[in-house]
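Let me begin by presenting the structure, written as structure tokens, before commenting on it.
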Amino acid sequence: MTTEQQKFQKASENERQKMMQIFNQFGVTQYEFTPSVSYDRIDGYYTASTGTEYVFEVKTRNNAASAYNYNTAIEKSKVEYIQGNTKEIPHQPILFFFYNDNQAYYQQLDYEKEYDSFRAFAPATTFGDQTMVLKDFVGFNINKKHLLKLN
């Protein structure tokens, strides 16, 4: 296993631990993660206490939730992928962002909506090729009602 793969797997395991904190905090008992060794754009599935089934993607940010005036972004291709996946299965798509100030933000997606995007330079891959390339991103204003304080 390469160093980049090891970093990816460790980051994936950390995200799972944080998701389990959220699940425990909100009484979610039915959840499943995709394999941590895969580069799947979906991190897992869960059923909320309301019975709503979700498919989720997790992103970790190395800044506070308040950075960038409570705005965040994700690659447009990741939004489109999770939207496309939910057209095939009856799950609500949702994104989770973890911040270094012990907060998490969740953003539900409309699987039929075409989200506005913007272009920005970013590393070609998260781990490995750090060459800066132009990518399309979807931005979200962080709704403070959807900010969660992790225990």
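Going from the sequence shown to our numbering is simple: count from 1 and add 11.
Note that CB positions come from ideal geometry on N, CA and C, so glycine has one too.
All of these numbers come straight from a predicted model, not from anything done at the bench.
Rounded straight-line distance, which links the Cα of residue j to that of residue i
| i | j | result |
| --- | --- | --- |
| residue 155 | residue 103 | 21 Å |
| residue 153 | residue 14 | 33 Å |
| residue 117 | residue 34 | 13 Å |
| residue 19 | residue 85 | 17 Å |
| residue 120 | residue 112 | 24 Å |
| residue 58 | residue 65 | 6 Å |
| residue 55 | residue 93 | 11 Å |
Given residue i as reference, the closest of the options once Cα atoms are compared
| i | options | result |
| --- | --- | --- |
| residue 106 | 12, 73, 149, 36 | 149 |
| residue 82 | 88, 74, 89 | 74 |
| residue 159 | 36, 17, 22 | 36 |
Bounding residues of the beta strand (DSSP E) (the contiguous stretch that carries residue i)
| i | result |
| --- | --- |
| residue 131 | 129 to 134 |
| residue 82 | 82 to 86 |
| residue 105 | 103 to 109 |
| residue 14 | Premise fails: residue 14 lies in the alpha helix (DSSP H), 14 to 36, not in any beta strand (DSSP E). |
Start and end residues, alpha helix (DSSP H) containing residue i
| i | result |
| --- | --- |
| residue 141 | Per DSSP, residue 141 belongs to no alpha helix (DSSP H) and is neither H nor E. |
Three-state secondary structure (DSSP) of residue i
| i | result |
| --- | --- |
| residue 97 | helix |
| residue 90 | helix |
| residue 122 | coil |
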